[in-house]
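Just add 832 to wherever you are in the sequence shown, counting from 1, and you've got the numbering used here.
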Amino acid sequence: MLRDILRVTLLLLLGFDVFAQSNSASMLALKKRVADIKAKSDLHEENVNLLLSRPKIVQTKITMPKLPEPKVFKPIQLRNVSSTPTPPIPEYFETIKLDSNDTGETAPPPSLNDLVVDPGQRINGEIDTNTTAASDEQLVDAYDELYMPNIPNRHQGYYFGTLFGFAFPNDGAVRKTTSKDNFESETGYILGFQYGRDFGNIKSEVEYNYLSFGGTNGYEVSSHDLLARLIFEFELGERADFRTGIGMGFAFIDFDQVSSYSGVGFAYDFLLGGGYRLNDEWSFNLDYRYFLTAAGDEYDRIESHLLLLSATYDL
């Protein structure tokens, strides 16, 4: 029994101790909170005292400018105008009469050259109809000269021309008895003349030209060519044309070194270029041609790029 009483007593003491510790902790927290509130109150009181110690703000008086007094305009007095308008009084000028003896300056009589001939005037009892037609043609010609642009007419008919250019041949070779001798070609020249007919957008012509160029190992190559050609032209403007064509014929070829190797064969060329008409008679053409011939028994074919400038005259 005594042991149970001791146990209860110990439990009560322990509970009281725990309660006392918990109460002491809450009291400490409360004291700390009260101290914080007091510190904030003291700081607020210091700020209020600082604000109250400052001097008062002096009020500034703002004066508004006076507005100018409005101007008083006097009313305009209108004149009395009658309701019915009066027409202006006409002015009369005196005319000076010349005596019969007074002679003033008069205009000279018109010249016969200044007079316009009446197209319906009768000459020797008949109406001159030729004068009217002639005058109309002259008027049309004069109008064309003044206002029409100077555009050359495109001629349809025969023409004659000359040509000159440069040749850029490919390398060639000559077949000898036991071997084949190759050589490198050099830049050459071509010149000739042509005769043909213009049908509008198609031309047909015949041409003779002489082609000559050199090569390494002392070779001199020449070709007399006689070709017939068909050309198609396309207008690019009032004076300019684009042209293309093809030609074929015969070539008389000669390879000259220590010995001469010659022959006759077919020749062909393909044309691409442009033309420019200078006036009604003359026109110029700048063309590129690819020229080639058939090979012979003693030599290879000639292949060359040609750059030509030609001038043609309409007959």
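The beta carbon of each residue, even a glycine, is placed where N, CA and C say it ideally should be.
Quick one: is residue i buried, meaning 16 or more other Cβ sit within 10 Å of its Cβ, or exposed?
i     : result
K1035 : buried
I889  : exposed
V880  : exposed
A1059 : The residue you asked about is not Ala; residue 1059 is Leu in the sequence shown. By the 10 Å Cβ count, L1059 comes out buried.
R1121 : buried
G993  : buried
E878  : exposed
Tell me whether residue i sits in a helix, a strand or coil according to DSSP, three-state version.
i     : result
E977  : helix
L1124 : strand
E1135 : strand
R1075 : strand
N1117 : strand
S856  : helix
L1090 : Sequence inspection shows Val at residue 1090; the Leu mentioned does not correspond to that position. It is coil, neither helix nor strand.
R1109 : strand
D1146 : strand
D1101 : strand
I983  : coil
V1096 : strand
L883  : helix
Can you give me the Cβ contacts of residue i inside the same chain, cut-off strictly under 7 Å, excluding the 5 residues immediately before and after it?
i     : result
L1124 : Y1100, R1133, I1134, E1135
In chain order, what residues of the same chain lie with their CB nearer than 8 Å to the CB of residue i, ignoring the 5 residues before and after it?
i     : result
I832  : This structure gives no information on residue 832, because the portion of the chain shown stretches from 833 to 1147.
I1022 : L995, F996, G997, F998, A999, N1041, Y1042, L1043, S1044, L1138, L1140
L1112 : In the sequence on display, residue 1112 carries Asp and not Leu. Correct list, in chain order: P984, N985, H987, D1146.
Sorted by chain position, which residues of the same chain lie with C-beta nearer than 6 Å to residue i's C-beta, five sequence neighbours on each side aside?
i     : result
V1053 : F1045, F1087
R1109 : P984, R1071, S1115
A1005 : K1012, N1014, D1132
L1140 : L995, G997, D1119
E1037 : Q1026, G1028, R1061
Problem - Those runs of the beta strand (DSSP E) which lie wholly inside the segment 990-1072 and span at least 3 residues - result: 990-1001, 1004-1007, 1012-1015, 1020-1030, 1034-1046, 1052-1067
Handout entry: Inter-stretch contact (C-beta, 8 Å, three-pair minimum) for the segment 982-1001 and the segment 1024-1031
Key = They touch, by the three-pair rule.
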